[in-house]
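Have a look at the structure below, then the notes.
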Amino acid sequence: MVVGSLCLWPPAIDRNTNLLWQEPAEVLAQSRFWPGHEDRTRARFYTQQMLTTTLARKFQALVGFLFLFCALTLFSPAHAFTIVIDPGHGGNDLGARYGGLLEKNLVRDVSLALRTELEKEKGLKVLLTRDTDSPLALSDRVRFADASEPDLFLSIHANASENKNVKGAEFYLRSMDFDHSAAKTPPADSDLEVILAELHQQGQFLNSLALSKDLVKNWPVAVSSRSLRQAPFYVLNKTKAAPAILIEIGYMSHTGERKRLREPSVQNSIVMGIKKTLLGYRDRYLSSQKEQKAAPKE
Ligand SMILES: [Zn+2]
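Per the numbering used here, the very first residue in the sequence shown carries number 246; after that it's consecutive.
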């Protein structure tokens, strides 16, 4: 309302002369009774009005800019914490297949349920590399993840082994092979970027490690949790997203575990365990961002 009333000021302006369209009564009166003073009086009046209208226009422009700035600040959506979930396989790529259960369907169902649960939370943006039974190349998954610039990447699979006794969930981090040779000799300027990149990579690895440990901690007892591992999985090693984790939610080749993985209640407990972990990570991430912003600049 304040802005609206300000926009009514100044009154109508003649576009040709850049002046108020109506001369006030005293100008007309003076020019009528003292004709010799007419031009001088008018000149003084017009000069004052020109200054007034110029300042008023600048003021209007300033108010308009401030109004637009405030509107954009207040109504533009805040950055949502973005999670990309990647259900493995799809289409002709069935994944593991045991007892009529297909890995591609199992991991899609778990991923869809996870998305539904996460979308109940405010400030989260959840994206799936696939939510239908469509084939998707590994490179397309990576491309999708990188284009989405997620705060977290999670690929979901189910495991299988020739050894039918093996069971339990497994959590994979991208494999890391740091070359520390550069740190042993005084770095040249050109090495600085390499060292910074390594430090960044190590930071990402530590984030993924912390997240994986929480997954183990929050994993449901219905499916035993086995181990944390590193492996050169394509989607983990190629994506720029971090942390990046691949979960094998259990062994389909183990008869008992396969039976449990089919059960909706067990799938739900897996989903809730993952959700709790991701929300915990999100909260820690956001509080560290706040601390960084609050930290005094040197
Ligand atoms: Zn798989």
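Glycine included, every Cβ here is placed at the ideal spot set by N, Cα and C.
Item: Below 8 angstroms on the Cβ atoms is my guess for S400 versus L491; work out the distance and round it to an integer in Å.; Value: 4 angstroms
Item: Can you give me the start and stop residues for the alpha helix (DSSP H) that K370 sits inside?; Value: K370 -> not in any alpha helix (DSSP H); beta strand (DSSP E) instead, spanning L369 to L373.
Item: Which residue's Cα is closest to the Cα of P488: V511, E502, Q447 and L339?; Value: Q447
Item: With three or more C-beta pairs closer than 8 angstroms as the rule, is the segment 361-370 touching the segment 507-520?; Value: yes
Item: Using 7 angstroms as the cut-off, classify the Cβ of E213 as near or not near the heavy atoms of ligand 1, replying yes or no.; Value: What the structure shows of the chain is the stretch from 246 to 543, and residue 213 is not part of that stretch, so it cannot be assessed.
Item: Helix, strand or coil: how does DSSP classify G525 here?; Value: helix
Item: Between S393 and T484, which are expected to be in contact by the criterion C-beta below 8 angstroms, what is the C-beta distance as a whole number of angstroms?; Value: So it is not a contact: roughly 10 angstroms between Cβ atoms.
Item: Keeping to the same chain, check which residues put their C-beta closer than 7 angstroms to that of A471; ignore five residues upstream and five downstream.; Value: It should be pointed out that residue 471 corresponds to Arg in this sequence rather than to Ala. G413, A414 and E415, listed in sequence order.
Item: Under a three-way DSSP split, which group does G495 fall into?; Value: strand
Item: Would you call K349 buried or exposed, if buried means 16 or more other Cβ atoms sit within 10 Å of its Cβ?; Value: buried
Item: Just the Cα atoms here: how many angstroms apart are R388 and K538?; Value: 31 angstroms
Item: What is the DSSP secondary structure of V468, counted as helix, strand or coil?; Value: coil
Item: My understanding is that Y496 touches N404, with C-beta atoms under 8 angstroms, so please give their C-beta distance in whole angstroms.; Value: 5 angstroms
Item: Counting only the same chain and skipping the five closest in sequence on each side, list residues whose C-beta sits under 8 angstroms from that of P477.; Value: R419 and S420
Item: Which residue from F450, L456 and N513 puts its Cα closest to that of A467?; Value: N513
Item: Could you work out which residue in K504, E438, N452 and D396 is closest to G368 when comparing CA atoms only?; Value: D396
Item: Can the beta-carbon of A486 be found less than 8 angstroms from the beta-carbon of D391?; Value: yes
Item: Distance check for E443 and H402, CA to CA, integer angstroms please.; Value: 29 angstroms
Item: Residues around ligand 1, please: the condition is that the C-beta lies closer than 5 angstroms to some non-hydrogen atom of it.; Value: G333, G340 and H402
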